[in-house]
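Quick note on my numbering: the sequence shown kicks off at 1 and runs consecutively. Ideal Cβ positions, reconstructed from N, Cα and C, are used throughout, including at glycine. Each remark here refers to the structure printed beneath this line.
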Amino acid sequence: MKPLKISKLNEMADDMVEVLGLERSPVGVKFIEDKGEACTEERNVFHQHRYCQAVMKAGRGKAGVVDGGSLACPAASAAFGFSKLPPKLRSGEGLTGFGIVSDPEVGKTMFDRMPRLEEGEVEQLSLSPLEGREGLLELLEGAGYSVPEG
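Given below as structure tokens:
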């Protein structure tokens, strides 16, 4: 397979938005495992955001990061290994309180089956729109690909 040029990648991203009828840009999420690679610039942190809110912001063009200290959703925080699931959620009781399920056993089963990263495996999640050069490059380079200029 021959390497793609940035201009072709941008065109492909635009095509994906058009074909799928998306109102926002697709979002790339990079798992940052190494503390040395973690973003320390305060302006780039999505503070007290739920994971879905951070994804929506990235889809509207704002790149940023979340970590255990900035992620406001306890379920997402547990899923990404930033923290343990709080007892009320683990029991399913919390989901009945939010009106998500009517039976706590259903909520408990949901959380028992929820995939989770091991605690401490990931330092941060970097979210960026897959539009334009930077978002595409970050996603591809994060996956181990090198992209030639042009």
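- Apart from sequence neighbours up to five positions away, no residue of its chain approaches K8 with a beta-carbon distance below 6 Å.
- With fewer than 16 other CB atoms across the displayed protein chains lying within 10 angstroms of its CB, V19 is exposed.
- Under DSSP, the beta-bridge partners assigned to Q124 are I32.
- R50 sits away from A79, with the two beta carbons spaced by 8 Å or more.
- As a beta-bridge residue in DSSP terms, L71 pairs with H49.
- Ranked by how close their Cα comes to the Cα of E118, the residues V55, S77, P129 and F46 have S77 in first place.
- Per DSSP, P104 has no beta bridge partner at all.
- Between the C-alpha atoms of L127 and S83 there is a straight-line separation of about 20 Å.
- Under the DSSP assignment, G97 falls outside any beta strand (DSSP E), being part of the alpha helix (DSSP H) whose first and last residues are E93 to G97.
- In this structure, the CA atom of P86 is about 18 Å from the CA atom of D103.
- Beta-bridge pairing by DSSP links P129 to V27.
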